[in-house]
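**Student:** This structure is in structure tokens; I'll ask about it shortly.
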Amino acid sequence: MLRTDTPKAIHLKDYKPSPYQVSHIDLNFDIYDGYTNVTSVISMSNSADNKDDLFLHGEDVELLALKINGKTISTYKTDDQGLTIPCPSEKEFKLEIKTKITPESNTRLEGLYKSGDNYCTQCEAEGFRRITYYLDRPDIMATYTTRIEADKEKYPVLLSNGNKTDSGSAEGGKHFTIWQDPHPKPCYLFALVAGKFNHIHDTFTTVSGRKVDLYIYVRPGDEDQCAHAMESLKKSMKWDEDVYGLEYDLDLFNIVAVSDFNMGAMENKSLNIFNTALVLAAQETATDADFMRVESVIAHEYFHNWSGNRVTCRDWFQLSLKEGLTVFRDQEFSADLHSRPVQRIDDVTHLRRLQFAEDAGPLAHPIRPENYIEINNFYTMTVYEKGAEVIRMFRTILGAEAYRKATDLYFSRHDGDAATCDDWIKCMEDASGKDLTQFRLWYSQAGTPRVTFEGHYDPVKKIYSVELSQKIPDTPGQSGKKPMHIPVAIGLIDQNGNDLIDTKILHLTESQQAFTFENINSKPVPSVLRNFSAPVILSTNLTDDDYAFLTKHEVYDGFNRWEAGQYLHRKALEKLTGAFESGETKPDINQNYLESFADIYINALNTDITSDERALLARTMHLPDISTIVQSRENADPVAAYNARQYLLAAIKRTQKPLLQKIYKANEEKGAFSVTPDAIARRALRNEALSILTATHGTGCAKLAKEHYFAADNMTDRMAALMAIAPNANPEREEVLEDFYNRYKDFQLVIDKWFSVQASSVRPDIIAHLQNLRHHPDFNIKNPNRARSLYAAFAMNNPSSFHAQDSSGYSFLADAIIELNSINPQIAARLLTPMRDWRKYTLDRQTKMKAALERILETPNLSPDVFEITSKSLK
Ligand code: PHE
Ligand code: ZN
């Protein structure tokens with residue numbers, strides 16, 4: 125059926141508290157082959173003056189029985205949204221609901237579903253309504269008792285939230301466990317797991333001396349890949365005590381890894397459920413970047429115990445209250461454990477690549493959106509990553525000490541609450557005495573602010589004067605925006621590389637504003653927006669020489685030292701892209717640019733540089749990717765951007781080959797594999813050199829990549845080799861790809877890499893190749909990791925192929941979205957991301973992308989998820 129109705133949007137301004145409240149819920153899960161019976165006994169109250177019907181959400185559930193205070197009721201209505209019961213006569217009552225669900229056919233992976241042979245749940249945001257009828261909204265908080273009964277043989281492990289209070293055998297070869305969660309929670313934090321798992325166990329003693337049992341449950345055989353996750357968990361628990369004064373509040377903390385999962389992981393109270401990709405990590409199968417991600421996601425979910433669970437969200441418009449804050453917390457955790465500047469570089473690179481693109485496109489929204497059709501569509505880069513930037517700015521504006529006072533206040537004032545972003549801001553104000561009225565605009569205005577900086581030195585008056593201005597671009601539904609409060613951190617560096625002033629925060633609050641620095645005795649080079657103090661797009665009146673100076677002399681702020689280099693890379697790439705767009709084939713490359721980088725890269729050979737500097741150098745050598753180049757262009761041609769990037773890489777290789785070879789050699793691993801910061805930094809640097817040395821994809825490149833591959837004793841190096849060889853047409857490619865497949869065919873997560881490397885690599889016959897992969901026996905569109913490893917890898921990481929002139933890339937993706945629409949709408953909607961900004965590209969591409977979007981919109985039975993993104997993109 126074609127969608128003739130438009131799914132209804134939900135608006136923040138319509139929020140109303142529920143007249144009905146729940147104090148406790150008793151759940152009973154009876155798991156059978158092919159179906160599960162769920163009984164819930166809900167202790168409810170109705171507010172004194174309310175006469176409205178009681179509406180309970182429910183989707184894909186079959187109602188078997190309904191009682192109030194033990195009496196069967198028959199005057200109810202059900203539809204595809206839920207169950208309506210006339211207002212009960214009592215103000216306090218027990219509602220008993222028996223439902224039947226079929227987890228076996230749940231391909232959306234929301235509610236109770238099967239991953240392989242095991243059962244698990246995913247309830248955020250609105251999955252609980254697929255388990256039973258309930259007030260499925262985060263401001264309804266209750267204590268839970270959960271009884272699970274299932275076959276003992278097939279499902280030896282039965283878990284839910286809280287503490288296990290009982291277990292035993294039941295009839296017919298079954299057994300049961302009972303769980304009690306003493307902390308009131310919204311139903312999105314409910315979780316259940318039933319299956320066959322092995323576990324590892326450890327303990328953590330909290331600051332007040334309570335011993336907590338920690339378990340990680342995985343598929344039997346995967347236990348030996350869990351140690352890193354366990355270490356990460358213990359580090360997270362300690363960090364939250366040290367840095368935020370927050371202690372864990374139960375005696376048990378469980379993590380379960382499942383291989384079918386829509387997102388990264390989920391913070392269900394004391395029973396975190398994880399995508400295997402964010403738990404398992406071993407030298408042989410995980411890259412250094414994977415190790416880092418596992419650590420940060422374990423931390424993220426653990427941190428939610430306070431920022432999300434103890435203090436939760438009143439409604440889903442407040443999502444950034446928990447997500448922005450928790451991302452900021454996990455970023456800082458990683459920065460404390462590893463290199464602070466490198467962490468910042470990686471976070472900002474990610475923000476720019478994906479969030480800036482979102483903020484400039486048809487789905488731009490503030491970190492606190494004002495309306496949505498499908499909440500799953502609002503787990504966005506904006507809510508998460510820009511949300512984290514906004515929390516970071518609070519800390520910058522308040523200072524570290526007042527910020528900590530403010531978070532203490534927040535966690536004590538709102539413990540047990542379903543809170544709002546305004547509650548958070550109020551705590552920031554109350555604890556610091558600062559008026560944050562203007563700063564609040566970050567919650568309501570979308571779009572990345574453009575900030576311009578102009579600095580001038582007056583050698584007579586010894587004054588350095590700065591003029592800052594800001595402009596917030598129009599976004600869908602928002603124009604004529606007000607100036608925001610933007611903290612701009614600035615340093616002034618003299619010709620010898622010394623800081624003339626302490627880093628100063630300039631508070632830009634007007635459209636245009638002047639600042640002066642007195643007693644500046646020599647002409648400084650300014651370092652603007654140190655540590656990326658605000659999520660803005662900056663332009664300055666600095667010269668290329670100034671930036672080249674900063675790449676060497678900005679020693680105080682590693683982020684800005686790297687940023688200066690990125691500026692020069694971007695500039696070179698933009699110029700070359702323009703040249704390729706207008707048909708040039710041999711454009712000139714700025715010699716100063718090449719030489720200034722040779723000067724920087726030579727440092728990679730210093731034996732006495734720190735591991736942080738080494739890691740930073742690796743990032744400096746890395747050219748901005750195509751999607752970043754494309755962002756600053758109108759009517760962009762990703763093929764031209766790709767050609768420009770390849771052309772520049774070839775020039776760097778040609779002019780720096782001996783140096784790159786030395787870097788490659790000097791950073792070879794000596795002795796046994798290790799994951800020390802130094803070893804990680806050396807691998808990063810060496811693999812960056814490898815990627816430039818193999819960028820021209822000739823026979824020599826194939827030979828080097830193959831050698832690198834077979835010499836590797838870890839996944840980081842193997843993947844670097846694989847990425848280097850995948851776009852190479854020489855016979856070594858097949859040899860290496862085949863070896864990789866055979867070596868790792870039993871490791872699902874590594875086979876995901878095998879798919880994604882191929883989908884991400886540029887080759888002439890890419891679509892035919894993708895079709896082969898799609899029909900490969902190991903391909904399974906129902907598994908989100910596998911679907912992403914082919915489709916998202918192609919459309920997001922291979923822009924020049926995805927945007928091939930013949931539109932074959934668009935058709936390939938649109939077919940997948942249409943197929944997934946009926947299997948897993950959440951994943952289908954996500955895959956639309958690279959289609960959303962179709963207006964950015966050349967006119968012929970616009971026509972073709974639009975046609976693909978229109979074809980999607982005409983799909984029968986289009987899900988609200990896909991409908992929302994497609995229709996908003998086309999608007
Ligand atoms: N709340 C999870 C997190 O950020 C993300 C998530 C959302 C997972 C929805 C599953 C479903 O940690
Ligand atoms: Zn989160």
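Just so we're aligned: 805 in the numbering used here is position 681 of the sequence shown, and the numbers increase by one with no gaps anywhere.
Think of the CB as a built atom: it goes at the ideal place given N, C-alpha and C, for glycine as much as any other residue.
Relative to ligand 1, is the shortest distance from any of its heavy atoms to the C-beta of ALA911 smaller than 7 Å?
**Tutor:** ALA911: no, Cβ never under 7 Å from ligand 1.
**Student:** Name, in chain order, the residues that DSSP records as bridge partners for ILE221.
**Tutor:** DSSP lists SER164, LEU190 as partners of ILE221.
**Student:** So what does DSSP say about LEU741, is it helix, strand or coil?
**Tutor:** Helix at LEU741.
**Student:** Say the cut is 7 Å; is the CB of THR823 nearer than that to a heavy atom of ligand 2?
**Tutor:** Not under cutoff, so the answer is no.
**Student:** Residues in the same chain with beta-carbon distance under 6 Å from VAL763, minus the five sequence neighbours each way, listed in chain order, please.
**Tutor:** Excluding residues within five positions, the ones whose Cβ falls inside 6 Å are SER924.
**Student:** For ligand 1, any of its heavy atoms closer than 7 Å to the Cβ of HIS249?
**Tutor:** The sequence shown places Ala at residue 249, rather than the His named in the question. Checking every heavy atom of ligand 1 against the Cβ of ALA249, one is found closer than 7 Å.
**Student:** LEU487 by DSSP, collapsed to three states: which one?
**Tutor:** Looking at LEU487 - three-state DSSP - the assignment turns out to be coil, as it is neither helix nor strand.
**Student:** Here's the rule: buried if 16 or more other CB atoms are within 10 angstroms of the residue's CB, otherwise exposed. What is ALA728?
**Tutor:** So ALA728 counts as buried.
**Student:** For ligand 2, enumerate in chain order all residues having a CB closer than 5 Å to any of its heavy atoms.
**Tutor:** The answer, residue by residue, is GLU447, THR450.
**Student:** Once you ignore the five residues that flank ASN193 on each side, which residues in its own chain have a CB closer than 6 Å to its CB?
**Tutor:** So the qualifying residues of the chain are PHE217, LYS218.
**Student:** Taking all protein chains shown into account, do 16 or more other C-beta atoms lie within 10 angstroms of the C-beta of ALA829, making it buried, or fewer, making it exposed?
**Tutor:** ALA829 is buried by the Cβ-count criterion.
**Student:** May I ask you to check if the CB of HIS428 is nearer than 7 Å to at least one heavy atom of ligand 1?
**Tutor:** Yes; taking the cut-off as 7 Å, the Cβ of HIS428 has a heavy atom of ligand 1 nearer than that.
**Student:** Whole angstroms is fine: what's the gap from THR208's alpha carbon to SER995's?
**Tutor:** About 31 Å.
**Student:** If we count Cβ pairs, one from each stretch, closer than 8 Å, do we get three or more for the stretch 305–320 versus the stretch 269–287?
**Tutor:** Touching, yes, given that three or more Cβ pairs across the two stretches are closer than 8 Å.
**Student:** Along the chain, where does the alpha helix (DSSP H) containing ARG334 start, and where does it finish?
**Tutor:** Segment: none, ARG334 is in no alpha helix (DSSP H) and carries neither H nor E.
**Student:** Leaving out five residues before and five after ILE166 in sequence, what residues of the same chain have Cβ atoms less than 6 Å from its Cβ?
**Tutor:** Closer than 6 Å at Cβ, skipping near neighbours: VAL146, ILE149, LEU219.
**Student:** Taking the C-alpha atoms as reference points, what is the distance between ARG963 and GLN970?
**Tutor:** Roughly 6 Å separates the two Cα atoms.
**Student:** In terms of DSSP beta bridges, what is VAL93 paired with?
**Tutor:** With the chain covering only 125 through 999, there is no way to say anything about residue 93.
**Student:** Determine the closest residue to TRP440 out of ILE549, GLU513, ILE264, with distance taken between C-alpha atoms.
**Tutor:** Nearest of ILE549, GLU513, ILE264 to TRP440, Cα basis: ILE264.
**Student:** Determine the direct distance from the alpha carbon of ASN500 to that of HIS893, and round the result to whole angstroms.
**Tutor:** C-alpha separation (whole angstroms): 32 Å.
**Student:** Shorter than 7 Å, the distance from the beta carbon of MET387 to the closest heavy atom of ligand 1, or not?
**Tutor:** Checking every heavy atom of ligand 1 against the Cβ of MET387, one is found closer than 7 Å.
**Student:** Starting from the N-terminal side, write out each stretch of the alpha helix (DSSP H) that is 4 residues or longer and does not extend beyond the stretch 441–470.
**Tutor:** For the stretch 441–470, whole alpha helix (DSSP H) runs of length 4 or above, ordered along the chain, are 443–461.
**Student:** I think PRO748 touches LEU697, with their Cβ atoms under 8 Å apart; what is that distance to the nearest whole Å?
**Tutor:** Their Cβ separation, rounded to whole angstroms, is 6 Å, which keeps PRO748 and LEU697 in contact under 8 Å.
**Student:** Is the distance from the Cβ of ALA911 to the Cβ of LEU944 below 8 Å?
**Tutor:** In this structure, LEU944 lies closer than 8 Å to ALA911 by Cβ.
**Student:** Could you give the DSSP three-state label for ASP290: helix, strand or coil?
**Tutor:** Looking at ASP290 - three-state DSSP - the assignment turns out to be strand.
**Student:** Determine the extent of the alpha helix (DSSP H) in which ASP669 is found, giving its start and end residues.
**Tutor:** First-last of the alpha helix (DSSP H) with ASP669: 668–677.
**Student:** Do LEU188 and LYS238 count as a contact pair if the criterion is CB distance below 8 Å?
**Tutor:** Contact: no.
**Student:** How long is the line joining the alpha carbons of LEU914 and PHE704, rounded to whole angstroms?
**Tutor:** Those two C-alpha atoms are separated by around 29 Å.
**Student:** Among GLN407, ASP375, LEU981, whose alpha-carbon lies nearest the alpha-carbon of SER394?
**Tutor:** Out of GLN407, ASP375, LEU981, ASP375 has the C-alpha closest to the C-alpha of SER394.
**Student:** Could you give the C-beta distance for ALA1021 and ALA976, rounded to a whole number, given that I count them as a contact under 8 Å?
**Tutor:** The requested residue 1021 does not occur in the structure, where the chain is confined to residues 125 to 999.
**Student:** Alpha helix (DSSP H) containing THR709: first to last residue?
**Tutor:** That residue, THR709, is in no alpha helix (DSSP H); it is neither H nor E in DSSP.
**Student:** Could you give the distance in angstroms between the alpha-carbon of HIS631 and the alpha-carbon of LEU662?
**Tutor:** Going from the Cα of HIS631 to the Cα of LEU662 covers about 15 Å.
**Student:** In the structure shown, what three-state DSSP assignment does LEU697 receive?
**Tutor:** Correct three-state label for LEU697: helix.
**Student:** Taking 8 Å as the threshold (C-beta atoms), are ILE596 and GLY615 in contact?
**Tutor:** Taking 8 Å as the Cβ cut-off, GLY615 and ILE596 do not qualify as a contacting pair.
**Student:** Which word fits ARG516, buried or exposed, when buried means at least 16 other C-beta atoms lie within 10 angstroms of its C-beta?
**Tutor:** Per the 10 Å Cβ criterion, buried.
**Student:** Would DSSP call ASP384 helix, strand or coil?
**Tutor:** If DSSP states are grouped into helix, strand and coil, ASP384 belongs with coil.
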